[in-house]
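All residue numbers for the sequence shown refer to this note's numbering, where the first residue is 145 and numbers rise by one.
Here's the structure we're looking at; comments come further down.
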Amino acid sequence: MVKGYLHSVETMGLFDGPGIRTVFFLQGCPLRCTYCHNPDSQPCRGGREITVSEVLATVRRYRNYYASDGGVTFSGGEPLLQGAFLTAACRALKAEGIHIAIDSSGFGDPRYYPELLPLVDLLLLDVKAFEAEPFTALTEGNFQQFQNFISQLESWGFKGKVRIRHVMLPGVSDNRESMRALVRTIQPIAQLIEAIEILPYHTLGVEKYTALGKSYKLAGVPPMDQEEAKAYEDYANRCFRQSLSRERTREIA
């Protein structure tokens, strides 16, 4: 029996995909984002064991709330790290007609992608940064690995939609050039993208670092103004639509 490792569950989620959703936050993440608000979800060793049967039991309990647009979201941590469990869970959910979303940064186990990704209806793709050096400084991860993920997404059989997400840090990406850079970064999967979401940086998880005995690298950085972040979100979506329109015009020509 394939087992996963669970950090927590949100049974009536409203922010991780369309409609009302059951959100399974899986344990473990290879990145160490400076603004991570769930640092306790980062270690791969931790959480509690969960089976596919338990996932189904939870979903069946709440599926009446999903209506026509809700479903299940797997978040983290980084859910793609648990490839075997995630594939088995998604296969079982798909057999019951459940809409499946995965909230990911694109850092997982590629061995499972050809079997897993065709089962996914919506990918909530977190774009941390837009160049190699700031990406590593922000996440301790490899930007090339992220680029490889998006460039091969369709070749692995993904046929769903993508919703781009970016956490906006004051003084880092709160400018129009960064939004244009974001649009350039996601061009390889432009035809799959339905929207860009800008998530304003907040400090709600700072106390967890103190409880874990960890230093918080962004101490003193104020929360991102929500209205300003929304204005940048509108700008990024306008830039994206314009780039998509130009590309389609070139194709026709």
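Note that CB positions come from ideal geometry on N, CA and C, so glycine has one too.
Go through its chain and collect everything with a Cβ distance to residue i's Cβ below 7 Å, but skip five positions before and after it.
i, result
"Ile333", "Ile294, Leu297, Val306"
"Thr329", "Val271, Phe274"
"Val203", "Thr166, Val216, Leu237, Ile242"
"Gly227", "Gly252, Asp253, Arg255, Tyr256, Leu260"
For a quick check, are the C-beta atoms of residue i and residue j less than 8 Å apart?
i, j, result
"Lys272", "Cys177", "yes"
"Ile246", "Leu268", "yes"
"Pro187", "Gly285", "no"
"Asp213", "Leu356", "no"
"Phe384", "Ile342", "no"
"Phe251", "Glu222", "yes"
"Val153", "Val196", "no"
"Arg165", "Gly220", "no"
"Gly301", "Leu266", "no"
"Tyr210", "Gly163", "yes"
"Lys380", "Leu326", "Strictly speaking, residue 380 in this sequence is Ala, with Lys absent from that position. Cβ atoms of Ala380 and Leu326: closer than 8 Å."
"Leu313", "Tyr179", "yes"
"Val264", "Ile244", "yes"
"Val311", "Tyr353", "no"
"Thr231", "Glu259", "yes"
Can you tell me whether residue i is buried or exposed, with buried defined as 16 or more other CB within 10 angstroms of its CB?
i, result
"Ser322", "buried"
"Tyr257", "buried"
"Leu348", "exposed"
"Asp318", "buried"
"Ala373", "buried"
"Pro378", "Note that residue 378 corresponds to Asp in the displayed sequence, not to Pro. With fewer than 16 Cβ atoms within 10 Å of its Cβ, Asp378 is classed as exposed."
"Arg309", "buried"
"Leu158", "exposed"
"Ser359", "exposed"
Hey, quick one: how far does the alpha helix (DSSP H) through residue i stretch, first residue to last?
i, result
"Lys238", "227-239"
"Lys352", "350-356"
"Tyr257", "257-260"
Whose C-beta lies closer than 8 Å to the C-beta of residue i among residues of the same chain, with five residues either side of it excluded?
i, result
"Leu338", "This sequence places Glu at residue 338; Leu is not what is there. Answer for Glu338: Lys305, Val306, Arg307, listed in chain order."
"His151", "Phe169, Leu170, Gln171, Asn182, Asp184, Ser185, Gly190, Gly191, Gly220, Gly221"
Starting from residue i and walking both ways along the beta strand (DSSP E), at which residues does that stretch end?
i, result
"Thr166", "165-170"
"Ile244", "244-248"
"Ala339", "337-344"
"Phe251", "Premise fails: Phe251 is in no beta strand (DSSP E) and is neither H nor E."
"Val216", "215-219"
"Lys147", "147-157"
Looking only at its own chain, which residues have a Cβ that is under 6 Å from the Cβ of residue i, when we skip the five neighbours before and after it?
i, result
"Val199", "Ala233"
"Thr155", "Thr166, Tyr206"
"Phe290", "Gly250"
"Lys361", "Thr178"
Let me check you understand the geometry: is the CB of residue i closer than 7 Å to at least one non-hydrogen atom of the ligand SAM?
i, result
"Ile333", "Judged by which ligands are present, the structure shown has none, so any question about the ligand SAM falls away."
Practice task
Please specify which runs of the beta strand (DSSP E), each continuous and at least 3 residues long, are wholly inside the segment 174-208, giving them in chain order.
Solution key: 192-195
Exercise for the section: Report the residue ranges of all beta strand (DSSP E) runs contained in full by the segment 270-330; include only those spanning at least 3 residues, in chain order. Expected result: Fully enclosed beta strand (DSSP E) runs of 3 or longer: 305-312.
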